[in-house]
Amino acid sequence: MAIYLNTNIVSMMAQQNLSNSQTQMATAIQQLSSGLQINSAKDNAAGYAIATVMGSQLGGYAQATRNANDAISLAQTASGAMQSIINNLQTMRSLAVQSANATYSNANRTSMNAEVQQLSAEIQRVALSTKFNGVSLLDGTFTAQNFQVGANNTANSVIQLSGISSMETSQLGSAGASFQATVTGTATTAALTAGA
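Here's what the structure looks like:
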C-alpha cells in the first residue's frame, strides 16, 4: 500500500508571506498611531535602550528646571522681605536724623519715637514671618542649603547657599552695626551707624 502526501508548496508560501505582511502592517500601524518609530524593545533593542536613557535624562532636566525655578522664587521671596526691612531701617534712620533737629519739640519726638517703635516691630514681624513653602528664611535658621539644578548629582549641578543671617531686630547689630530704637529729648539714638 502506498502513502500519498499532498503538499501545495505555493499555497504554503503564500500563507507565510501573508502572515509576514500582516505582522509588518500591524507594526507600521502601531508606529503611525503612536508617532514613535520604536514602540518596544523588539522593534530595535539598542534604539529602545538609548531612548529610555534619554527619556530618563529629559525627566531629570525637567525636574532640575523646576528646582532652579523654586530656588529663584525662594531668593525673590527673601529679597523682597529684606528690601522691606531695608526700607524700614532707612525710614528709622531718617527719623533719627530728623529728631536731632532742635526745631522739634518733645511731643514731636515722642511721635517720631512711636513710629520708630512701630517700624522696629514691623522689622521683627517680617523677619519671623517670611517663609517659602513653610521654611523660615530670615529668622537665622535657614543655613547651608543645597539646590539641585542639574540632571545629575555633580558639583556643577548643585548650588549651595551658605545661609541667610537673622534679620530680627535683636540681631541687626551683630555685624558691627549699632541698632537702638528710641528717640528721646534732644538726644537721638535711633540710628543704624554702620556705613553712616
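Residues in the sequence shown are numbered from 6 upward in steps of one, following this note's numbering.
For each residue, glycine too, the CB sits at the ideal point set by N, CA and C.
Remember, it's a predicted structure, so these values are computed and weren't measured experimentally.
message = Can you confirm whether the stretch 106–121 touches the stretch 130–141 when touching is taken to mean that 3 or more C-beta pairs between the two stretches lie within less than 8 Å?
response = no
inquiry  = To test your reading of the DSSP string, which unbroken beta strand (DSSP E) runs of 3 or more residues are found completely within the stretch 97–143?
reply    = As summarised for the stretch 97–143, there are no continuous beta strand (DSSP E) elements at least 3 residues long confined to that stretch.
query = Beta-carbon separation of V154 and A76 under 9 Å?
reply = The answer is yes: Cβ separation under 9 Å.
query = Does the ligand MN have even one heavy atom less than 8 Å from the beta-carbon of I128?
reply = Inclusion of the ligand MN in the displayed structure is not the case, the ligand content being empty and no account of it being possible.
message = Given a cut-off of 9 Å on the beta-carbon distance, is the pair S125 and M97 in contact?
response = yes
task = Indicate the three-state DSSP secondary structure (helix, strand or coil) for Q165 in the structure shown.
result = strand
query = In terms of alpha-carbon separation, which member of A83, T28, Q123, T57 lies closest to L100?
reply = Ranking the options by Cα distance to L100, first place goes to Q123.
inquiry  = Going by beta-carbon coordinates alone, are N25 and Q35 separated by less than 9 Å?
reply    = No, the Cβ-Cβ distance between N25 and Q35 is not below 9 Å.
message = According to DSSP, simplified to helix, strand and coil, what is A156?
response = coil
Alpha-carbon spacing of Q81 relative to G64, whole angstroms = Taking the straight line joining both Cα atoms gives about 26 Å.
query = Hey, how far is the Cα of T148 from the Cα of N113?
reply = If I take the Cα positions, the gap works out to 42 Å.
request  = Could you tell me the distance, in whole angstroms, from the CA atom of V15 to the CA atom of N22?
outcome  = When rounded, the distance between both Cα atoms is 11 Å.
query = What's the C-alpha gap between S171 and K136?
reply = Between S171 and K136, the C-alpha separation is close to 13 Å.
query = Where does A80 sit, in a helix, a strand or coil, going by DSSP?
reply = helix
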